[in-house]
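J.: Those letters in the sequence shown? Residues 1 to 247, per our numbering, in order.
Cβ coordinates follow ideal geometry from the N, Cα and C atoms, glycine included.
Below: one structure in structure tokens.
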Amino acid sequence: MHSSPWPSSESHDHKGTLMCGPPPITTLTATAAPQTMTLSLGDLAPDFTAETADGEIRFHEWLGESWGVLFSHPADFTPVCTTELGAVARLHDQFAARNTKVAAVSVDAADAHRAWAPDIAETQGAEVNFPLIADPDRRVATLYGMIHPRHDDTATVRSVFVIGPDKKVKLTLTYPASTGRHFGEILRVIDSLQLTAAHRVATPADWELGEDVIITPAVSQEEAARRFPDHRVIKPYLRLTAQPGSA
Ligand code: BEZ
Numbered sequence: 001m002h003s004s005p006w007p008s009s010e011s012h013d014h015k016g017t018l019m020c021g022p023p024p025i026t027t028l029t030a031t032a033a034p035q036t037m038t039l040s041l042g043d044l045a046p047d048f049t050a051e052t053a054d055g056e057i058r059f060h061e062w063l064g065e066s067w068g069v070l071f072s073h074p075a076d077f078t079p080v081c082t083t084e085l086g087a088v089a090r091l092h093d094q095f096a097a098r099n100t101k102v103a104a105v106s107v108d109a110a111d112a113h114r115a116w117a118p119d120i121a122e123t124q125g126a127e128v129n130f131p132l133i134a135d136p137d138r139r140v141a142t143l144y145g146m147i148h149p150r151h152d153d154t155a156t157v158r159s160v161f162v163i164g165p166d167k168k169v170k171l172t173l174t175y176p177a178s179t180g181r182h183f184g185e186i187l188r189v190i191d192s193l194q195l196t197a198a199h200r201v202a203t204p205a206d207w208e209l210g211e212d213v214i215i216t217p218a219v220s221q222e223e224a225a226r227r228f229p230d231h232r233v234i235k236p237y238l239r240l241t242a243q244p245g246s247a
């Protein structure tokens, strides 16, 4: 038998009236972790102004009409973060080819970012070629919910936000401090997001650019026949077609 997640299924309110079911929500929030902002897919990515290693950034203005990736790392002068920022620097042309601007953020100060950057260039084979946002007062981290207090109550976790040209959040990812991210996966997701924003398709598991895609269930059979004349019906709900624009 499952035990109830609630302290008791019966309780009394402050007037002594017997109440059934879960306790009021105020009881739950009183014991919950400190509140941080949680951003969901489709939310507006918060705008901010902050210092970077190379001067001020006004985030939305800087993004302009581009897609964006905002990613946080726990701390400067740390080994996994050094490899991550190097990996992103090496992928500069790949992000640019996708009309995507990238910015990194941590709670370190701009001076620390500037002092660390030569180590990244020296050890990772690429100069940092994207903004390193300084967030010592945690304003950006709080706006984006990048501090997970039960993991680390001071440093940012490894968050990723992909932001569309409409400034809406299209993807969120959270990795722990101990695991460096695979930035090829982030490029792959951007490919999927950009394709599926333009066509009535979705991408299957492990899909890579150029491979067959799925016709979304919202497309009728009649419309599928018109739009994707060479598609294959595996099941009525699983219809595959060549990636639009790939021929
Ligand atoms: C790192 O980047 O190596 C790291 C940072 C914080 C905690 C653990 C590892």
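Bridge partners for Lys235 per DSSP, in chain order?
T.: Leu238
J.: Please return the same chain residues whose Cβ sits closer than 6 Å to the Cβ of Leu209, not counting the five positions on each side in sequence.
T.: Asp191
J.: Going by beta-carbon coordinates alone, are Asp108 and Ala75 separated by less than 8 Å?
T.: yes
J.: Measuring CA to CA, which of Asp54, Glu61 and Ala89 is closest to Ala112?
T.: Asp54
J.: Where does Thr216 sit, in a helix, a strand or coil, going by DSSP?
T.: coil
J.: Just to confirm, does Pro244 get its C-beta within under 7 Å of one of the non-hydrogen atoms of the ligand BEZ?
T.: no
J.: Which class does Ser178 belong to by DSSP, given the choice of helix, strand or coil?
T.: coil
J.: Roughly how many angstroms separate the alpha carbons of Leu63 and Lys101, rounded to a whole number?
T.: 7 Å
J.: When the Cα of Asp93 is compared with those of Phe183, Val80, Ser220 and Arg239, which residue comes out closest?
T.: Phe183
J.: Alpha carbon to alpha carbon, how far is Arg227 from Ser159? Give it in angstroms, no decimals.
T.: 37 Å
J.: CA-CA distance, Glu236 and Ala225?
T.: It is worth fixing the name first, because residue 236 is Pro in this sequence and not Glu. Looking at the backbone, the Cα of Pro236 and that of Ala225 are separated by about 13 Å.
J.: Is the CB-CB distance between Ala141 and Asp135 below 8 Å?
T.: It is a contact, given that the beta carbons lie within the stated cut-off.
J.: Gly68 bridges to which residues according to DSSP?
T.: Lys101 and Ile163
J.: So the beta strand (DSSP E) Gly55 belongs to, where does it begin and stop?
T.: Gly55 to Arg58
J.: Can you grab the Cα-Cα spacing for the pair Ala155 / Met146, in whole Å?
T.: 8 Å
J.: Can Phe161 and Thr172 be called in contact, C-beta distance under 8 Å?
T.: Their beta carbons are under 8 Å apart, which means Phe161 touches Thr172 by this criterion.
J.: Are the Cβ atoms of Val157 and Ala177 separated by less than 8 Å?
T.: Taking 8 Å as the Cβ cut-off, Val157 and Ala177 qualify as a contacting pair.
J.: What's the C-alpha gap between Leu41 and Ile133?
T.: 23 Å
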